[in-house]
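Notes to accompany the following structure.
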Amino acid sequence: MPSHADPQLPTLTFNGDPYPLTPGLTLLELLRQLDQDPARVAAAVNDDFYAAGHLPDRELCPGDVVDVVRMMVGG
1 MPSHADPQLP TLTFNGDPYP LTPGLTLLEL LRQLDQDPAR VAAAVNDDFY
51 AAGHLPDREL CPGDVVDVVR MMVGG
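This is the structure we're talking about:
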């Protein structure tokens with residue numbers, strides 16, 4: 001969890017680590033906060049998978065599990 005996190009805030013899980021959930025935080029805002037380009041990452045929120053470039057501006061909830069995979073080109 002980021003060192004500036006408020007222990008009173010609810011959390012979600014991002015790539016296996018707890019992350020503070022501020023009210024109204026959306027998937028796209030979370031990715032921007034973490035310097036992730038929504039056009040270049042695929043994401044799963046709980047059991048819902050979203051392909052790169054097709055991520056919804058979905059509001060996140062306490063306890064959500066978000067996993068992000070960055071697309072890589074090359075071999």
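Every letter in the sequence shown is one number past the one before it in full-length UniProt numbering, and letter 68, counting from 1, is 68.
We put the beta carbon where it would ideally sit given N, CA and C, even for glycine.
Grouping DSSP H, G and I as helix and E and B as strand, with all else coil, what is residue i?
i          : result
residue 31 : helix
Whole angstroms is fine: what's the gap from residue i's alpha carbon to residue j's?
i          : j          : result
residue 73 : residue 37 : 15 Å
residue 39 : residue 15 : 18 Å
residue 51 : residue 63 : 22 Å
residue 61 : residue 70 : 23 Å
residue 45 : residue 66 : 5 Å
residue 11 : residue 26 : 13 Å
residue 55 : residue 43 : 7 Å
residue 22 : residue 47 : 22 Å
In the DSSP assignment, find the beta strand (DSSP E) that holds residue i and state where it starts and stops.
i          : result
residue 64 : Neither: residue 64 is in no beta strand (DSSP E) and is coded neither H nor E.
residue 12 : 11-14
residue 20 : 17-20
residue 73 : That residue, residue 73, is in no beta strand (DSSP E); it is neither H nor E in DSSP.
residue 48 : 48-50
Around the C-beta of residue i, are 16 or more other C-beta atoms found within 10 angstroms, so that it is buried, or is it exposed?
i         : result
residue 9 : exposed
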